[in-house]
Amino acid sequence: DAGITQSPRHKVTETGTPVTLRCHQTENHRYMYWYRQDPGHGLRLIHYSYGVKDTDKGEVSDGYSVSRSKTEDFLLTLESATSSQTSVYFCAIRTLMNTEAFFGQGTRLTVV
Amino acid sequence: DAKTTQPPSMDCAEGRAANLPCNHSTISGNEYVYWYRQIHSQGPQYIIHGLKNNETNEMASLIITEDRKSSTLILPHATLRDTAVYYCIVRVTTDSWGKLQFGAGTQVVVTP
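Protein chains in written order, with my numbering: chain C, 7 to 118; chain L, 37 to 148.
Next comes the structure, spelled out in structure tokens:
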């Protein structure tokens with residue numbers, strides 16, 4: 007599993023509440039990514055990070071923010087969750103030298 | 037990044053070779069071809085990648101045509117555990133961020 011842990015694995019939350027998803031890695035990889043996966047849309051990139059405090063937006067970043075204060079943790083925050091953010095969220099990591107990415111097991115988020 | 041075209045689905049008999057085609061007619065000279073797969077409810081898994089030469093690893097072989105406009109992923113002896121969605125992705129070698137853009141992929145079903 008390349009040392010990636012996503013938490014929580016499942017969460018149900020109410021519309022309008024803040025939610026934070028955590029991606030933790032034990033491999034000291036430099037690059038980290040957050041994707042969401044929805045039926046009919048495949049995997050879409052939300053945000054990514056090059057290193058501590060170095061992040062950038064992906065193709066579907068509206069409504070999401072991220073933080074990376076430590077190499078091992080990449081947090082995805084939904085400031086005010088909406089039903090359209092119901093999805094499965096995947097974190098991925100990559101080293102500077104390797105070109106392939108390794109994915110976590112995903113977090114299934116339901117906003118009711 | 038160049039777009040890819042894959043058949044939406046294909047079946048394969050257990051023990052036989054599975055040949056998964058991918059069209060990437062607009063690929064540039066600095067773009068690699070990557071293959072990932074996603075078994076139901078799990079995170080995507082890296083399989084193999086190549087630039088212009090054929091590649092082989094313990095999981096699969098990648099055959100890239102001489103003009104690089106298409107490629108084929110070969111699973112030499114398909115098993116039931118190879119049932120998954122297979123994604124063909126092209127990515128520029130100079131993209132240090134390593135962002136992956138997933139399409140719809142090919143749903144492969146291996147039958148006994």
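No residue lacks a Cβ here, since even glycine has one placed at the ideal position from N, Cα and C.
Top-ranked residue by Cα proximity to residue i, from the options
{"i": "Ile100 (chain L)", "options": "L:Leu136, L:His60 and L:Pro44", "result": "L:His60"}
{"i": "Tyr70 (chain C)", "options": "C:Gly9, C:Lys59, C:Tyr56 and C:Ala87", "result": "C:Ala87"}
{"i": "Gly127 (chain C)", "options": "C:Glu106, C:Leu82 and C:Val118", "result": "Residue numbering for chain C in the displayed model covers 7 to 118; residue 127 (chain C) lies beyond these limits and cannot be assessed."}
{"i": "Gly139 (chain L)", "options": "L:Val145, L:Tyr122 and L:Pro112", "result": "L:Tyr122"}
{"i": "Lys4 (chain L)", "options": "L:Trp71, L:Tyr72 and L:Ser107", "result": "Past the boundaries of the shown model lies residue 4 (chain L); chain L is included only from 37 to 148, so the question cannot be answered."}
{"i": "Ala49 (chain L)", "options": "L:Leu111, L:Pro80 and L:Ala96", "result": "L:Leu111"}
{"i": "Lys76 (chain C)", "options": "C:Ser55, C:Ser13, C:Glu106 and C:Leu49", "result": "C:Ser55"}
{"i": "Gln137 (chain L)", "options": "C:His53, C:Arg114 and C:Ser93", "result": "C:His53"}
Alpha-carbon spacing of residue i relative to residue j, whole angstroms
{"i": "Asp103 (chain L)", "j": "Lys39 (chain L)", "result": "16 Å"}
{"i": "Phe108 (chain C)", "j": "Glu33 (chain C)", "result": "11 Å"}
{"i": "Gly46 (chain C)", "j": "Pro44 (chain L)", "result": "12 Å"}
{"i": "Arg74 (chain C)", "j": "Arg36 (chain C)", "result": "11 Å"}
{"i": "Arg123 (chain C)", "j": "Cys97 (chain C)", "result": "Because chain C is modelled from 7 through 118, residue 123 (chain C) falls outside the range shown and cannot be assessed."}
{"i": "Glu78 (chain C)", "j": "Gln143 (chain L)", "result": "33 Å"}
{"i": "Val58 (chain C)", "j": "Thr105 (chain C)", "result": "20 Å"}
{"i": "Cys29 (chain C)", "j": "Pro14 (chain C)", "result": "9 Å"}
{"i": "Glu67 (chain L)", "j": "Lys105 (chain L)", "result": "11 Å"}
{"i": "Val118 (chain C)", "j": "Ile63 (chain L)", "result": "42 Å"}
{"i": "Val66 (chain C)", "j": "Thr119 (chain L)", "result": "29 Å"}
{"i": "Val145 (chain L)", "j": "Tyr72 (chain L)", "result": "16 Å"}
DSSP bridge partner residues for residue i (one or two, in chain order)
{"i": "Pro57 (chain L)", "result": "L:Thr108"}
{"i": "Lys17 (chain C)", "result": "C:Leu115"}
{"i": "Ser89 (chain C)", "result": "Answer by DSSP bridge pairing: none, since Ser89 (chain C) is not bridged."}
{"i": "Met46 (chain L)", "result": "L:Val144"}
Handout entry: Stretch-stretch touch, CB-based, cutoff 8 Å, three pairs: the stretch 69-78 of chain L with the stretch 8-15 of chain C
Key = no
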